[in-house]
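Before any comments, here is the structure.
There are 2 protein chains.
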Amino acid sequence: MTTGAPSTPPTRVTIRDVARAAGVSRQTVTRAINEMPEISEETRARVMRTVEELGYRPNRFAIDLSRQRTHAVGLIVGTFRNPYYAQLADAFVAELRSRDWQVLVSMASQGEADAVRSMASQTDAIIGYFLEPQTNFVPAARGVPIVLLEDQATMPGVHSVELDFRTGISDMVAALRAKGSRRFAMIDASSANPKGTAPGSPRRQFFEAAVGEECIVVTEPESIAGGVDGFRRLLDLDPEIDTVLAFNDLMAMGAVQGAHTLGVDVPGRVRIVGIDGISLGEAISPTLTTLSLETQTVAAQAASILAELFAGEPMPSRSLTRTVTPVPLWRESA
Amino acid sequence: MTTGAPSTPPTRVTIRDVARAAGVSRQTVTRAINEMPEISEETRARVMRTVEELGYRPNRFAIDLSRQRTHAVGLIVGTFRNPYYAQLADAFVAELRSRDWQVLVSMASQGEADAVRSMASQTDAIIGYFLEPQTNFVPAARGVPIVLLEDQATMPGVHSVELDFRTGISDMVAALRAKGSRRFAMIDASSANPKGTAPGSPRRQFFEAAVGEECIVVTEPESIAGGVDGFRRLLDLDPEIDTVLAFNDLMAMGAVQGAHTLGVDVPGRVRIVGIDGISLGEAISPTLTTLSLETQTVAAQAASILAELFAGEPMPSRSLTRTVTPVPLWRESA
DNA sequence: ATATGCTCCGTGACCGGTCACGTAAGCCTA
DNA sequence: TAGGCTTACGTGACCGGTCACGGAGCATAT
C-alpha cells in the first residue's frame, strides 16, 4: 500500500463553507466581507463571526480571475546588492503599497527577457531598470505595459520616467567650478553601455558636454573595486586632476577609498562626486557628495504613470513620460 | 453622454479563442501548450502556431486556481535602506525564483500585523524579519505559515531559520583575543529589543557571555549616526578599549567613521567589528571586518523549509527549524 | 384591495484554465 | 469481421470567487 489512509485532506475553507455555516448564500458572504451594501448589520456580524471561526481567507486568484484585475506590478532590477536599486525598491514598495498595489520583485540576472516574460504573466504592469535594448525584452511582455526607469521609451506600450542628467550634471559641474574645480575626470562604468559602441554612458556624455573641454575618462567595472582602480588609473594618467565624477555612488565610494590608500586628501587635493544619492554615502569619511537621483520622486512619478494607465478604459497608445531632475547633494567629499 | 463609443474592449486572448482558431478543443490546446501526451505532433505544431499568431498567453491566476496551488511567497522586512535586508532580499529572490516561486515584498513600516495580513491573502507562505512579539502579528496570518528569520518560533504554524549567535560571536571574540584584544566594548541597537526590558539584544547577551568579564555597552539608534555617536561615547567612558563590536554593519561603519574623525587609528588603536557581512563593508577604509550572517545560506534554508512544508500533504504541525552559524569575515578593521 | 417602493437576500452564469472521463478512428489479431 | 487495444481528440464539471439578475418580505401610498 503506497498511500496511507486518507489523512485529513487540507481542503481550503471556501466562501461556500462560510455560507453554509452561517446559513446564508455565497453572495451574502461576499457582501459581508467586501463591505458592500444590501446587507443588514446583524447578518454581516454573524457572517464575520463565522469567517473568524472557520479561519476563512479569500483566495486571491479566484478574486483576480473573476474581477479580471490583478493589482500587482512587477519590479525588475539588476541586483539589490547595489544599494541604489535597493533604495529604489524601497521607495516603490512604499509608494505602491500605499495605493494598495502589490509588488512582485525579480532580478534580471538570468536575462531581461526571461524576467519580463515571467512577470508579464502575473502582473498588470512592469517597472524596471534595463540595460539591454528595448527590442530585446519588450516583446516578452506580450502587451503588458512597461515603465522604463532612467531610459527613454521608444516603443509603443512602453513608458518611462527619465532622468534629466543634462541639467543635473551641468548644475553639479557649475557648482564644482564655483568651488574651484579646474581639471575634471570621470570613472565611467563598463556595464552601463552594452547597447552599442557609443562613446560611453549618457552620464559620461553629459559630463563631457558640461565640462566643455578635454577631460580624461577611464572605464571600470561597476563595483567598489572598480572605483578603487579607476581612481588610481586616473591619477596615473594625470596627477593634476582636482575633481572626479564616478558613474555611481558605489564606484565613488571605491574612489574615496582608493584616494585614502594613496594618501590623497579628499576633498582637499581631489574632490570626489558620485551619482545616486544612496544613504550609505554618509557611512564613509569623508561623507560622499553626490548627484541624488531622488528615488522617492521617481517612484511617485512611476506610480502616477500607472495610475494614468489604468484610469482610462481605452489604454492610451501614446507613451507616457515623466522627467525627474537629479539634484546635487552636498556632503563632505566635494 | 458620459462614456464614449464602446472602444475596442481589451478582451484577453483565451484558450478558447486559440481552440476555435485552430479548429480543436480547449483540452487539445492545453495538451499542446503543456507538452502533454495524447496529441499528434502535427496538431501540436498547428496549435502552437495559432498561439503565436494570436499572442495568447496563459492566465496565471486561472492556472493556479484550477491547479490549486500558488507559487508565491511574501517577504517582509523593515526596510531596504539597510543593505543587509536588501542583500537578504536579493538572496531570497534568487533562491526562490530558481525554484519557480514568485516573491512579493512588503515592508513593515506601517505595522507588522498589517503587513502580514495583506500578505497572507495572496501568498502561500510568509518569510520575514520581525521585531514585535510573535503574538502581535502571527494571528494576522490566518493560518498561512510563517518563517521567522533570526528568531525562534514559539507558536504553532510558525517556523524559523535561527542564527547561532552564541557560536558565531564566541568564535569571533576568541579570534580577536588571539589577535591581542583585551578590552571589549559594544554599541548595541536600541530598536533591537522592543519586546521587553530584557538586558539588550541577544547579540549583546552572547557578546557579554563570550567576553566573560565586565565590558561596557552603549545603546544607540540603529543607523550610521548611531554608530558615530556610540563610538564617541564609548571612548569617553573608557579610553582604554581596544575592540568594539557594533550591533550591525551599518553602525560599525558609523563607528569607523567616528574613529576617523576622532583621529583614532583603526585597527591599530581600536579594532572595530560589525555584524551582517554586507558587501558595502568593502567600501570604507579600512574595510570592515564583520560577522557574516550568510544571507545565501539563510535564504536556501528558508526555501528548504518551504519545500518541506508544501511537499507533504498533511501540513506538519511541528515547527520546522534550521540553524545557520555566522562566520567571521576578516577584512581590515580588525 | 392593489400598487409602489425599499431593504435584504438567493440563483445561475461566468472568469480561464485543468481534470476525469467518454468516444471515434485506426491497427492488429484470431 | 468481430473483438480488443492504442492513439487522438472532445465534453462536462470544477477550482473559488464575482456579477447581473430576480424575488421575497414589509411598509407606505392610492
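In the order they appear, the protein sequences are chains A and B. Residues 644 to 977 (the working numbering) are what the first sequence spells out, left to right. Residues 644 to 977 (the working numbering) are what the second sequence spells out, left to right. Glycine is no exception: its CB is placed at the ideal position from the N, C-alpha and C atoms.
Measure from the alpha carbon of residue i to the alpha carbon of each residue in the options, then state which is nearest.
i, options, result
"A:T693", "A:L893, A:S741, A:I676", "A:I676"
"B:G771", "B:S749, B:T862, B:R724", "B:S749"
"A:A828", "A:A818, A:E856, A:K822", "A:E856"
"B:F850", "B:L739, B:H714, B:A889", "B:A889"
"A:Y727", "A:A926, A:Q765, A:N891, A:T968", "A:N891"
"B:V941", "B:N725, B:T671, B:L739, B:R710", "B:L739"
"B:F735", "B:A943, B:E695, B:T964, B:A977", "B:A943"
"A:M691", "A:R710, A:I706, A:T671, A:A783", "A:T671"
"B:E975", "B:V790, B:A950, B:V720, B:V899", "B:V899"
"B:A665", "B:V716, B:P680, B:M679, B:E695", "B:E695"
"B:I884", "B:V871, B:A751, B:V907, B:W744", "B:V907"
For residue i, does the count of other Cβ atoms within 10 angstroms reach 16, so buried, or fall short, so exposed?
i, result
"A:M762", "buried"
"B:L877", "buried"
"B:G897", "buried"
"A:S844", "buried"
"B:M798", "exposed"
"A:M815", "buried"
"A:T886", "buried"
"A:L934", "buried"
"B:D881", "exposed"
"B:G817", "It is worth fixing the name first, because residue 817 of chain B is Ala in this sequence and not Gly. Counting Cβ neighbours within 10 Å, B:A817 comes out exposed, since fewer than 16 surround it."
"A:Q597", "The requested residue 597 of chain A is not part of the displayed model; chain A covers only 644 to 977."
"A:A688", "exposed"
"A:R914", "buried"
"A:E684", "exposed"
"A:G920", "buried"
"A:G823", "exposed"
"A:A821", "exposed"
"B:A950", "exposed"
"B:M894", "buried"
"A:D979", "Since the first residue of chain A shown is 644 and the last is 977, residue 979 of chain A is not available in this structure."
Would a C-beta distance cut-off of 7 Å place residue i and residue j closer than the cut-off?
i, j, result
"A:L708", "A:V661", "no"
"B:H903", "A:S922", "no"
"A:V916", "A:T930", "no"
"A:T810", "A:D831", "no"
"B:I658", "B:R669", "yes"
"B:P971", "B:L936", "no"
"B:G966", "B:D757", "As written in the sequence, residue 966 of chain B is Thr, which differs from the Gly given in the question. Against a cut-off of 7 Å, the Cβ pair of B:D757 and B:T966 comes out as no contact."
"B:I867", "A:E925", "yes"
"A:R703", "B:Q765", "yes"
"B:V716", "B:A768", "yes"
"B:L747", "A:L747", "yes"
"A:F780", "A:E805", "no"
Can you list, in chain order, the residues of its chain with a C-beta nearer than 6 Å to that of residue i? Leave out the 5 residues immediately preceding and following it.
i, result
"B:L952", "P788"
"A:A796", "H802, S803, S962"
"B:E956", "Confidence at B:E956 is low in this model, with a pLDDT of 49, below 50, so its placement is unreliable and the value that follows should be read with caution. For B:E956, where only same-chain residues beyond five positions count, there are no Cβ hits under 6 Å."
"B:S834", "E865"
Any beta carbon from chain B within less than 7 Å of residue i's own beta carbon?
i, result
"A:E925", "yes"
"A:A705", "yes"
"A:L708", "yes"
"A:H802", "no"
"A:P776", "no"
"A:M798", "no"
"A:L747", "yes"
"A:I770", "no"
"A:V736", "yes"
"A:P726", "yes"
"A:I789", "no"
With a threshold of 8 Å on Cβ separation, who are the neighbours of residue i within its own chain once the five nearest residues in sequence on each side are excluded?
i, result
"A:A729", "F723"
"A:T646", "Unreliable placement is indicated for A:T646, whose pLDDT of 30 sits below 50; the coordinate value is still reported in the next sentence. No residues qualify anywhere along the chain."
Distance cutoff 7 Å, beta carbons only. Does residue i sit that close to anything in chain A?
i, result
"B:S764", "yes"
"B:A729", "yes"
"B:A732", "yes"
"B:R712", "no"
"B:G721", "no"
"B:Q939", "no"
"B:M750", "yes"
"B:M896", "yes"
"B:V661", "no"
In chain order, what residues of the same chain lie with their CB nearer than 7 Å to the CB of residue i, ignoring the 5 residues before and after it?
i, result
"B:R742", "A946"
"B:R1047", "As shown, chain B starts at 644 and ends at 977. That puts residue 1047 of chain B outside it, with no answer to give."
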